[in-house]
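As structure tokens, the structure follows; a few thoughts come after it.
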Amino acid sequence: MTELQPARGTHDLIGEDQRRHTHVVDTARAIAARYGFDEWTTPIFEDTRVFSRTLGETSDVVTKEMYTFADRGGESITLRPEATAGVCRALVSNGLTQSLPQKVFYAGPMFRYERPQKGRYRQFHQIDIELIGSAEPLADAEVIACGWAILEALGVAGDTVLEINTLGDKPSRDAYRDALVGYFTEHQGALSADSLARLDRNPLRILDSKDQGDRRIIANAPLIAGHLTEAAAGFYASVQSYLRAFGVPFRENPRIVRGLDYYGHTAFEFVTGKLGSQGTVMGGGRYDGLVEEMGGPPTPAVGWAAGIERLAMLLETPPAAPAGVAVVPVGDAAEAAALGVLQSLRAAGIRAEMAYRGNLRRRLERANRIGARAAVILGPDDIAAGVAQVKDLATGAQEAVKLADLAARLA
Ligand code: ATP
Ligand code: MG
-16 MTELQPARGT HDLIGEDQRR HTHVVDTARA IAARYGFDEW TTPIFEDTRV FSRTLGETSD
44 VVTKEMYTFA DRGGESITLR PEATAGVCRA LVSNGLTQSL PQKVFYAGPM FRYERPQKGR
104 YRQFHQIDIE LIGSAEPLAD AEVIACGWAI LEALGVAGDT VLEINTLGDK PSRDAYRDAL
164 VGYFTEHQGA LSADSLARLD RNPLRILDSK DQGDRRIIAN APLIAGHLTE AAAGFYASVQ
224 SYLRAFGVPF RENPRIVRGL DYYGHTAFEF VTGKLGSQGT VMGGGRYDGL VEEMGGPPTP
284 AVGWAAGIER LAMLLETPPA APAGVAVVPV GDAAEAAALG VLQSLRAAGI RAEMAYRGNL
344 RRRLERANRI GARAAVILGP DDIAAGVAQV KDLATGAQEA VKLADLAARL A
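For the sequence shown, my numbering gives the first residue as -16, with consecutive numbering after it.
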């Protein structure tokens, strides 16, 4: 029989990979909690309309990347490609639109049908935060500051640069849209088919094209700065001054548009040069229209998502494998007492295992193999004397320790 492989674009998390992943999530959760974000979990699959209505009919995600299928009852279901739409759906479904603000932390798997490569998978994982219910520029800055604090806590902030932009308010975007249509129409002969299709429907989306030919044309496209209303320019200036107050370094990049349609005002990315072309580790912005599109009242919101795999790759020193202790009974008669010691150590919070077979030498070999830091050796004489021999497996030093003191000694 042929050996089965993981589905294309998926990967298993085992050993160090899982430890890196867990470290990213645990760190992010702890920092987000300090900023007042509480964790939510929503379903991995949703009614397809949760995404098709909101992410933008011309976005890459909706046009090419969604895992959409009819379930056995004929409902169109989509494996979530991102978390924000589901969180907004949940806000509305759970009647929380009058209990604002809601500050949400999120971690879990996402699914996109992409061409797999380093840092780009079909099942990948994200951490997210969403601050729903505040229209203040301070909210944008706080969300970014929380992201920055997570990158700092992970020790990867120095590898990244925060780039920010504004997509303005509706009148700014309408004016900008006209300018873009004018510019890209002049160059339509050289645009990719995808971008050509977006020219009528969503010219802003062209700015996000990864096509090399498109990129050359985009380089000279007009910028939104010349089309901002006074209010939109003021909002952007406030976000920047709050970022300075928070001590978060940034630079402006007027080319950031983000891959999904729901953004307005602030758009930002933390980018790194260390991951080749998959250089965006965290991205987000303001999405004031999304809750309304989900059937709720108009609700301002801002948030970001970060790829856990990309963050895990940036971690300089991987979290160490856990080192517990191995309980080693000498002779069959010692086994029952050893089991009691084993359970008391576990009850005291110590990682402890017992090798199941063999003589003292073979059991100590196994203790080394599982990476134990110490062996707790129990022979019949030790048990009679109410002690265990604790052997430090790194140095080989051994001493007798009273059973009553064992947990404290090994903690
Ligand atoms: P990219 O430009 O790399 O395709 P994106 O704009 O599609 O990214 P977002 O939708 O903003 O990405 O998702 C937020 C973050 O999730 C990204 O910055 C990245 O770190 C991560 N991410 C997105 N798609 C993938 C993927 N297919 N595999 C691994 N991580 C991903
Ligand atoms: Mg993408």
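A virtual CB, placed ideally from N, CA and C, is assigned to each residue, including glycine.
Quick caveat: nothing in here was measured; it's all calculated off a predicted structure.
Rounded to the nearest angstrom, the gap between the Cα atoms of E48 and I115 is 26 Å.
Remark: C-beta atoms of V285 and V70 do not approach each other more closely than 7 Å.
For T143, DSSP records a beta bridge to T255. Nearest neighbour of A387 by Cα position, chosen from R340, P363, L325 and R352, turns out to be L325.
V45 sits close to S35, with the two beta carbons spaced by under 7 Å. Two segments are said to touch when three or more pairs of C-beta atoms, one from each, lie closer than 8 Å; by this definition the stretch 204 to 224 touches the stretch 141 to 161. Going by beta carbons, V144 and M277 fall outside the 7 Å limit. A direct Cα-to-Cα measurement between R160 and Y245 gives close to 15 Å. Inter-residue distance for E97 and Y104 is about 7 Å (C-alpha atoms, whole angstroms). A residue is called buried once 16 or more other Cβ atoms fall within 10 Å of its Cβ, and A357 is buried on that count. Taken through DSSP and simplified to helix, strand or coil, T31 comes out as coil.
Excluding its 5 nearest sequence neighbours in each direction, S175 has C-beta neighbours in its own chain below 7 Å: S192, D194, G196 and D197, listed in chain order. Pairing A118 with S155 gives a Cβ-Cβ distance that is not under 7 Å. DSSP, reduced to helix, strand and coil, places D43 within a helical segment of the structure shown.
Between T37 and L190, the CB-CB gap reaches or exceeds 7 Å.
Shortest gap from the CB of Q109 to any heavy atom of the ligand ATP: under 6 Å.
Counting only runs of 4+ residues, the alpha helix (DSSP H) found wholly inside the stretch 328 to 389 occupies 343 to 352 and 363 to 368, in chain order.
In the DSSP assignment, the residues bridged to K86 are L114.
According to DSSP, H108 shares a beta bridge with P92. Residue state for V308 is assigned as strand, using DSSP reduced to three classes. P26 has its alpha-carbon roughly 9 Å from the corresponding atom of A73.
Of the residues assessed, P305 falls on the exposed side of the cut-off, its CB having fewer than 16 other CB atoms within 10 angstroms. Counting only residues of its own chain and dropping the five nearest sequence neighbours on each side, H108 has a CB closer than 6 Å to the CB of P92 and I291. Using a Cβ distance threshold of 7 Å, R293 and G268 do not count as a contacting pair. A Cβ-Cβ separation of about 17 Å leaves L243 out of contact with V264 under the 8 Å criterion.
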